[in-house]
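Each residue of the sequence shown is one higher than the one before, counting from 53 in my numbering.
Virtual Cβ for every residue (Gly too), placed ideally from N, Cα, C.
Heads up: the structure comes next, in structure tokens.
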Amino acid sequence: MTWLEACLLEELPPGGRKLIKLKNIEIALFNIAGTIYAIKNRCPHRSGPLIRGFVDPTGGVKCPMHGWRFDLRDGSSERPATATVYPTKIENGRLYLSL
53 MTWLEACLLE ELPPGGRKLI KLKNIEIALF NIAGTIYAIK NRCPHRSGPL IRGFVDPTGG
113 VKCPMHGWRF DLRDGSSERP ATATVYPTKI ENGRLYLSL
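This is the structure in structure tokens:
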């Protein structure tokens, strides 16, 4: 597994979100109560920007365009689509993703 540096952990405090680009892919980062999630920024339904979505306390994000909800842990949805999520790890105050 190849890990790419995404950002400094201090740039993503609890409750925060950050949009980054790695390997030409827009990725939305969310820090929910100290757990970091990474999901492809574009909703698989109609390409809505998930970075602007509503994040619920159970670890889901709702697309701001049509309200489709995706689980930030595995990208699953009750709708007929699955979002792409990326593994994360933290080392020495830096966040890394595997694409």
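Bridge partner(s) assigned by DSSP for Asn83: Reading the sequence shown from its first residue, position 31 is the one you call residue 83. Ile88.
Gly112 - partner residues in DSSP beta bridges: Locating residue 112 in the sequence shown gives position 60, counting from the first residue. Asp108, Asp123.
When Gly67, Glu78, Pro65 are compared against Tyr138, the one with the closest alpha-carbon: Reading the sequence shown from its first residue, position 86 is the one you call residue 138. It is Glu78 whose Cα lies nearest to the Cα of Tyr138.
CB of Ile91 within 8 Å of CB of Arg69, strictly: In the sequence shown, the residue the question calls residue 91 occupies position 39. In the sequence shown, the residue the question calls residue 69 occupies position 17. No. Outside cutoff.
Burial state of Ile88, where buried means 16 or more other Cβ atoms lie within 10 Å: Position 36 of the sequence shown, counting from 1, holds the residue named residue 88. Buried, by the Cβ-count rule.
Alpha-carbon to alpha-carbon, Glu62 and Val113: Stepping through the sequence shown from its first residue, residue 113 is reached at position 61. Stepping through the sequence shown from its first residue, residue 62 is reached at position 10. For Val113 and Glu62, the distance between alpha carbons rounds to 22 Å.
Alpha-carbon to alpha-carbon, Leu71 and Leu81: Numbered from 1 along the sequence shown, position 29 holds the residue referred to as residue 81. Numbered from 1 along the sequence shown, position 19 holds the residue referred to as residue 71. Separation of Leu81 and Leu71 (C-alpha to C-alpha, rounded to the nearest whole angstrom) is 6 Å.
Extent of the continuous beta strand (DSSP E) run through Ala58: Mapped onto the sequence shown, residue 58 falls at position 6. Element bounds for Ala58: 55–60.
For Leu151, three-class secondary structure by DSSP: Here residue 151 refers to the residue found at position 99 when the sequence shown is read from its first residue. Residue state for Leu151 is assigned as coil, using DSSP reduced to three classes.
Candidates Asp123, Met117, Ser128, Gly100, of which the one nearest Thr110 by Cα: By one-based count along the sequence shown, residue 110 stands at place 58. Of the listed residues, the one whose Cα sits closest to Thr110 is Asp123.
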